[in-house]
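See below for the structure under consideration.
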Amino acid sequence: MTGDFDEGYTLVTDNEASTSNVITFNGTGISEDLANTEVEVTLTNMSGVTEDDFTNSTDGYYNDKPENYKTYLTEAIKGNNPFAYIMADNSTDTVRLQDAAQWKLNDNKEIGMVIPGDFPQGTYELTFTLEDTSDNSNQETYTFDLTVSR
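In my numbering, the protein residues as written are 19 to 168.
Structure (structure tokens):
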């Protein structure tokens, strides 16, 4: 995966459903304790692809998923469920990226954000808000653009 936080990232996939691209943070630390140790990362915008590409009852991307994943991921594509979490460990000053569906539906399985190799091509804007526990803390919102191309 190429790119940076300011300009966005590009993930080139192989169009194979059996391929799992797992996105993680490397060497990431925090300088202040976070107020929430499970920060939701939600979809706020997408281009080159529509909600219908995922949810259409005839040929939507999520149609072949097991029912619990189909339901969860359909709500994630609508922005109602997180796609991932930023998990903070205030005792070690570390954070990691966690796939939300795996966390919620697979007994808190620890794995980075999973992007299947056949995920629909497009640009996805994911947003999260970090807030520290200090009395004078400021809330900051960051946006992550991910372009999936083949």
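Yeah, the Cβ is synthetic: ideal placement off N, Cα and C, and Gly gets one too.
Beta-bridge pairing of residue i - partner residues as DSSP gives them
i	result
A106	V113
P134	S38
S49	S49 is not bridged to any residue.
T68	Paired residues: none, contrary to the question.
Counted within 10 angstroms of its Cβ, other Cβ atoms place residue i as buried (16 or more) or exposed
i	result
T92	buried
V166	buried
M64	buried
F23	exposed
T84	Per the sequence presented here, residue 84 reads as Pro, with Thr not at that position. So P84 ends up on the exposed side.
Close beta carbons around residue i, own chain, < 7 Å, minus the five adjacent residues each side
i	result
A53	E149, D150, T151
M105	T55, E56, V113, R114, Q116
W121	Y103, K127
F101	V59, T60, L61, A94, A118, M131, L144
Y90	N99, A119, K122, L123
G97	T60, L61, T62
E69	I95, K96
N32	As written in the sequence, residue 32 is Asp, which differs from the Asn given in the question. Counting only Cβ-Cβ distances below 7 Å, and skipping sequence neighbours, we find G135.
G140	M64, S65, G66, V67, V166
Y87	A119, L123
Same chain only: Cβ atoms within 8 Å of residue i, ignoring 5 sequence neighbours per side
i	result
E50	D150, T151, S152, S155
I129	V40, Q116, D117, Q120
Residues near residue i by beta carbon distance below 6 Å, same chain, minus five either side
i	result
V132	S38, V40, D117
P138	V67, D71, Y79
S36	none
N108	D51
T20	T28
T42	L115, G130
Q. When the Cβ atoms of the segment 57–65 are set against those of the segment 131–146, are three or more pairs found closer than 8 Å?
A. yes
Q: Return the chain-ordered ranges of every alpha helix (DSSP H) run that is complete within the segment 71–99 and spans a minimum of 4 residues.
A: 85–95
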